[in-house]
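K.L.:
Structure below; questions to follow.
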Amino acid sequence: METENPFADRPPPVSNVPPWRIARPEPQVFGVPRRYDLATLMAVTLAYACLFGALRALNWPPEAMVWSAGFLTVVGAAQAVLFGGKCPREASYLAGMGFMLAVMLIERGLPRLWVDVFLVPILFLGAIVLPGFVLGYAGGVLVAGVFLVAHYLRSWLRRLRGKRPADLDESRPEP
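So the working numbering is basically just the index in the sequence shown, starting at one, shifted up by 222.
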């Protein structure tokens, strides 16, 4: 009785699965973390300082600065709270649409909306859904970008901290 040698040279098995159907690992999606450490708080503070500095350099009025910071705060809070922090894109969409709804209600006033009942569908579709969706996504990209940069800075600092000062000087032989 002869058995097949498992170590014999054989050609690789032929797969009938197309290359686009091969399972690939999901890319990491960045968003606002549910728990903050000191580095995260510093990154958020730096991001708000950059935002206010850029808006001040562009001579935006203070009201626009408050609305912009409020919008980004709402988007960040939605990314951390909605869906357990697991779907930051969808949370950004919803936060953008909710923020636009609040802005439209404040702008038009709730009593005025009841008089203009025919404006409600137009207001909902044209002023809330599309701009809210787009602005929510853009705000989510900005907020997640801050935490992406913070993540890479944190990992770089960990690698740097892992090396001892003696290890950084490679000219010295180890004992």
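Each residue gets a CB set at the ideal place from its N, CA and C atoms; glycine is no exception.
1. What residues in its chain sit with their C-beta under 6 Å from that of Ala269, if we drop five residues either side in the sequence?
2. Is Phe252 helix, strand or coil by DSSP?
3. Counting only the same chain and skipping the five closest in sequence on each side, list residues whose C-beta sits under 8 Å from that of Leu370.
4. Assess contact between the segment 315-324 and the segment 350-369, defined as three or more Cβ pairs (one per stretch) separated by less than 8 Å. Is contact present?
5. Residue range of the alpha helix (DSSP H) that Trp378 falls in?
6. Would the beta-carbon of Phe274 fall within 8 Å of that of Gly361?
7. Can you give the Cα-Cα distance for Leu347 and Leu277, rounded to whole angstroms?
8. Relative to the C-alpha of Val325, which candidate in Pro255, Ser290 and Ser314 has its C-alpha closest?
9. Quick check on DSSP: helix, strand or coil for Trp282?
10. Which of helix, strand or coil does DSSP assign to Tyr270?
11. For my contact list, Gln301 and Val365 are in at a C-beta cut-off of 8 Å; report their separation, rounded to the angstrom.
12. Between the Cα of Phe305 and those of Val254, Trp378 and Leu327, spot the shortest distance and give me the residue it belongs to.
13. Helix or strand or just coil, what does DSSP make of Tyr315?
14. Can you have a look at Leu379 and say buried or exposed, based on whether 16 or more other CB atoms are within 10 angstroms of its CB?
P.N.:
Working from what's here:
1. Excluding residues within five positions, the ones whose Cβ falls inside 6 Å are Val368.
2. Of the three classes helix, strand and coil, the one that applies to Phe252 here is coil, per DSSP.
3. Same-chain partners within the cutoff: Phe252.
4. Yes, the segment 315-324 touches the segment 350-369.
5. Leu352 to Gly384 is the span of the alpha helix (DSSP H), which, as asked, contains Trp378.
6. In this structure, Gly361 does not lie closer than 8 Å to Phe274 by Cβ.
7. CA-CA distance, Leu347 to Leu277, rounds to 29 Å.
8. The option with the nearest alpha carbon to Val325 is Ser290.
9. Note: Trp282 maps to coil in three-state DSSP.
10. Three-state result, Tyr270: helix.
11. The C-beta separation of Gln301 from Val365 comes to about 6 Å, placing the pair in contact by the 8 Å criterion.
12. Distances from the alpha-carbon of Phe305 to those of Val254, Trp378 and Leu327 put Val254 closest.
13. Three-state DSSP puts Tyr315 in a helix.
14. Flag for Leu379 reads exposed.
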